[in-house]
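Working notes for the structure below.
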Amino acid sequence: MTESMAGVPRSTQRRHELNESRVARLERMMEIRLVEDRIQDLFAQGLVSGTTHTSQGQEAVAVGLAAATRATDFVCCTYRGHGHALALGMTPDVVLGEVLGRQIGCMGGLGGSMHLSDPDVGLLPTFAIVGAGIPVAVGAALQFATRRSDGVALSLFGDGATNIGAFHEGLNMAAVWNLPVVFVCENNLYGEYSPLETTTAVSDIATRATSYAMAADVVDGQDVEAVQAAVTRAVERARGGGGPTLVEAKTYRYVGHSRSDKAPYRKEGELDEWLARDPIELFAQKLLASGELSASALDEMRRHQSHLIDEAQEQVLASPTGTIAQMFDNVFAPTPS
Amino acid sequence: MRLRMNQAISLAISEEMARDENVIVFGEDVAVAEGPFKTSEGLLTTFGPDRVRDTPISETAFLGAAVGAAMTGLRPVAEIMFIEFVGVAFDQMVTEAALMHYMSGGRYDVPMVMRASVGSGLGFGCQHSQTLERWMLGTPGLKLAVASGARSAYGLTKAAIRDNNPVVILEPRALYGQRENVEPGEESIIALGTAQTPRAGSDVTIVALGQTVNVALEAADTAPWSAEVIDLLSLMPWDRATVIDSVRRTGHLVLVEENQRTGGWGTEIASVVGSACFSDLRAPIHRITAPDVPVPYGPDLEKRFLPSADYVREQVGALLTTKTTPSPWWEEFV
Ligand SMILES: Cc1ncc(C[n+]2csc(CCOP(=O)(O)OP(=O)(O)O)c2C)c(N)n1
Ligand SMILES: [Mg+2]
Chain A
63 MTESMAGVPR STQRRHELNE SRVARLERMM EIRLVEDRIQ DLFAQGLVSG
113 TTHTSQGQEA VAVGLAAATR ATDFVCCTYR GHGHALALGM TPDVVLGEVL
163 GRQIGCMGGL GGSMHLSDPD VGLLPTFAIV GAGIPVAVGA ALQFATRRSD
213 GVALSLFGDG ATNIGAFHEG LNMAAVWNLP VVFVCENNLY GEYSPLETTT
263 AVSDIATRAT SYAMAADVVD GQDVEAVQAA VTRAVERARG GGGPTLVEAK
313 TYRYVGHSRS DKAPYRKEGE LDEWLARDPI ELFAQKLLAS GELSASALDE
363 MRRHQSHLID EAQEQVLASP TGTIAQMFDN VFAPTPS
Chain B
27 MRLRMNQAIS LAISEEMARD ENVIVFGEDV AVAEGPFKTS EGLLTTFGPD
77 RVRDTPISET AFLGAAVGAA MTGLRPVAEI MFIEFVGVAF DQMVTEAALM
127 HYMSGGRYDV PMVMRASVGS GLGFGCQHSQ TLERWMLGTP GLKLAVASGA
177 RSAYGLTKAA IRDNNPVVIL EPRALYGQRE NVEPGEESII ALGTAQTPRA
227 GSDVTIVALG QTVNVALEAA DTAPWSAEVI DLLSLMPWDR ATVIDSVRRT
277 GHLVLVEENQ RTGGWGTEIA SVVGSACFSD LRAPIHRITA PDVPVPYGPD
327 LEKRFLPSAD YVREQVGALL TTKTTPSPWW EEFV
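These protein sequence lines are chains A and B, in that order. Heads up: the first sequence at position 264 corresponds to 326 in the numbering used here, and the numbers run straight through without jumps. Heads up: the second sequence at position 267 corresponds to 293 in the numbering used here, and the numbers run straight through without jumps.
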């Protein structure tokens, strides 16, 4: 830790690390994969109640977006938000802790898998209602515009969310008001169990931006640097007063929609095709080729990340579950005195 | 036959679709996947894609389409996966569906059903665990009923599909997998607005709804006093006669509600019975509810949120002994 980082929250530090180094970005993608796998294991062992939505396969979108933004920007994510939270800087113990209903979690264990938040890195509480975060991001952008700050708000959502009114209303208003907001659609080809083409009239979500005279970009969501570049372009446009952008990242989830989903609806061979373009492998190969990373360092990185997740899990399991008294906390904000 | 609640719902819809070709079904993943909670099992295979459709994630579009299709001749059954999702399309239910008959001077009917899963108990967290009857309660033109198991889900669903008004049926999600004996057929239809009395008794009337019916029955079965348990089933309209008649006999009324305290469905029942049975009551009317907090995650906390059988037994016991209102469990925390 550098001198200037003393007293800075751990999640903010982690965000700086990610912003500064390509190797850190690979590491973070690995971390996300490992945490998601671990969450699924813990569910399988019956250590977690309820449901969870994991994001294996989509790590490049989360990390690319985080790398292109600042901890002082605001981000709205969804119930499929563990990866985004980790990418933005939240630590694995806090994420795992919330998923497991432990006090170490960001809501003290009262929220669960679908409700993560961390103001230290601008993560607004993740939204479990489809589309709900889109207009909220517009509001965060309105805040920046009103105060003439150069901050940017980002909204992450799925392909399915672009069929809900909030998407269309939010994009239109952002365009009309020329707000500094970036809409990032993770098009993973399915909304729950329904393939995109059965629910959505267009196959490229980005084309929807034309209805709002908004800039748009389509990007390979398996390529973290392509995502980073596209989001950077959009963020620069927004910071420079150029208004909102819709970025579509083409990606795929390697797991079912939620805990109980075995994904029988996948098209034959589709999963294998996407596994062949695993975002973590692609980026690792790139760093190996450039010489930034040696094969042995890569192995060591995997081992180390896995070890860190083991440690985080241990810490989480040692943390007590939420107490009955906590049920009554944070319902209303305190009245100003 | 012994059916899970989700099977009973599938069966009820299927029978009504066979009976009337105007009945159609749509919602998110209800066709190919047969429903996120398997409440439309076999419907697509039996009735085909014209009558059983998967929708985009567009609640306003498909609830609005249900209103339009209903006014012009079909009888749509639309599924809202979790009741919270109706929030994005609320206008279509409470301001459009509910008022079309009135706004047309009685010339258009809106024979549609909106089904939704509700309630706590499965660890889905604060945005997916509420019952929210109160959002729709007291909307003239909109009928509202709540199933308490396979049998009532079957009976209410059939009645709702045959009704010429927009009807909301709420289904406690935690009960989808539980089995009950269901006798398919006309006799099992439960007229909207009628309550049932699964347990007769003489000391106290306990009125319950949805998931709390089993809780109240369990409490009553293991208590030293004799409770009459009423499954209210419908909230709009609700069965005043059955409740008032029971309270006249027992002199005590306890309401067991899953919702948070303020503005819960029991307030309306309490106010009507308090006036109608003023001279019959031998203790204050008592509402057993959840506290005024969001539904917490974590099995222990969530369990505490929903009134348990032990808690109901304790509270009713205290009421009957002291003839005063017992404090709720959360008093020490607020
Ligand atoms: C308003 C609303 N309708 C339905 C749901 C149920 N639901 C949760 S996730 C989901 C699919 C969303 O698909 P998409 O936007 O593509 O995101 P993905 O899950 O693929 O990341 C659905 C239908 C919800 N949470 N909110
Ligand atoms: Mg999707």
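We treat Cβ as the ideally placed atom computed from N, Cα and C, and that holds for glycine. Bear in mind the structure is a predicted one, so any value in this text is a computation, not a measurement.
Between Leu29 of chain B and Val51 of chain B, the C-beta gap is not smaller than 8 Å, which leaves the two residues out of contact.
Below the 7 Å Cβ cutoff, chain B contributes no neighbours of Thr153 of chain A, its closest Cβ being approximately 19 Å away. Each of A:Gly220, A:Asp221, A:Gly222, A:Glu248, A:Asn249, A:Asn250, A:Leu251, A:Tyr252, A:Gly253 has a C-beta closer than 7 Å to some heavy atom of ligand 2; these make up the full list, in chain order. Relative to the non-hydrogen atoms of ligand 1, the Cβ of Val114 of chain B comes within a distance shorter than 7 Å of at least one.
Looking at the DSSP output, Met262 of chain B shares a beta bridge with B:Leu170. A straight line joining the alpha-carbon of Thr315 of chain B with that of Thr262 of chain A spans about 42 Å. Nearest CB-CB separation between Ala199 of chain A and chain B: not below the 8 Å threshold. Close CB contacts of Val338 of chain B within its chain, under the 7 Å cut and outside five residues either way in sequence, are with Val241, Ala242, Ala245, Val282, Ile314 (chain order). Between Phe189 of chain A and Thr140 of chain A, the C-beta gap is smaller than 8 Å, which places the two residues in contact. A heavy atom of ligand 1 is found nearer than 7 Å to the CB of Ala190 of chain A.
Taking the C-beta atoms as reference points, Thr313 of chain A is found nearer than 8 Å to Gly283 of chain A. Within the region 298–338 of chain B, the beta strand (DSSP E) runs of at least 3 residues that lie entirely inside it are, in chain order, 312–316. Under the 8 Å criterion on CB atoms, Pro198 of chain B is classed as non-interfacial with respect to chain A. In the three-state reduction of the DSSP assignment, Leu346 of chain B falls in the helix class. By the rule that beta-carbons nearer than 8 Å mark a contact, Leu172 of chain A touches chain B. Residues of chain B whose Cβ lies closer than 8 Å to the Cβ of Ala228 of chain A are, in chain order, Val114. Using a cutoff of 7 Å, the CB of Tyr314 of chain A does not count as near ligand 1, since none of the ligand's heavy atoms is closer than that. Beta-bridge annotation (DSSP): Ile195 of chain B is paired with B:Arg141, B:Ala171. Residues of the region 292–307 of chain B that bring their beta carbon within less than 7 Å of a beta carbon in chain A are absent altogether. With a threshold of 8 Å between beta carbons, Ala395 of chain A makes no contact with chain B. Taking every protein chain shown into account, the CB of Phe136 of chain A has 16 or more other CB atoms within 10 angstroms, so this residue is buried. Contact note: Phe390 of chain A reaches chain B through Pro317, Val319, Trp356, Phe359, Val360, using a C-beta cutoff of 8 Å and chain order. At least one CB atom of chain B sits nearer than 8 Å to the CB of Thr113 of chain A.
Residues of the region 209–225 of chain A with a C-beta atom less than 7 Å from some C-beta of chain B are Gly222, Ala223, Asn225, listed in chain order.
The C-alpha of Ser252 of chain B is placed about 32 Å away from the C-alpha of Ser143 of chain B. With a cutoff of 7 Å, Glu54 of chain B counts as near ligand 1, since its C-beta is closer than that to a heavy atom of the ligand. For the region 82–97 of chain B, the set of positions with a beta-carbon nearer than 9 Å to some beta-carbon of chain A reads Pro82, Ile83, Ser84, Glu85, Thr86, Ala87 in chain order. Across the set A:Tyr252, A:Ala271, A:Ser211, A:Leu258, the C-alpha of A:Ala271 shows the shortest separation from the C-alpha of Ala236 of chain A. When CB distances to chain B are screened at a threshold of 7 Å, the residues of the region 239–271 of chain A falling below it are Gly253, Glu254, Tyr255, Ser256, Thr260, Thr261, Thr262, in chain order. In the DSSP assignment, Asp247 of chain B falls within the alpha helix (DSSP H) that extends over 238–247.
Phe73 of chain B carries a helical assignment under DSSP once its states are collapsed to helix, strand and coil. Here Pro82 of chain B carries a coil assignment [DSSP, helix/strand/coil]. Not one heavy atom of ligand 1 sits closer than 7 Å to the Cβ of Arg199 of chain B. The bridge partners DSSP lists for Tyr252 of chain A are A:Pro257.
Of all alpha-carbon atoms in B:Asp76, B:Asp55, B:Thr350, the one lying nearest the alpha-carbon of Met43 of chain B is that of B:Asp76.
Closer than 8 Å to the CB of Phe150 of chain B there is at least one CB belonging to chain A.
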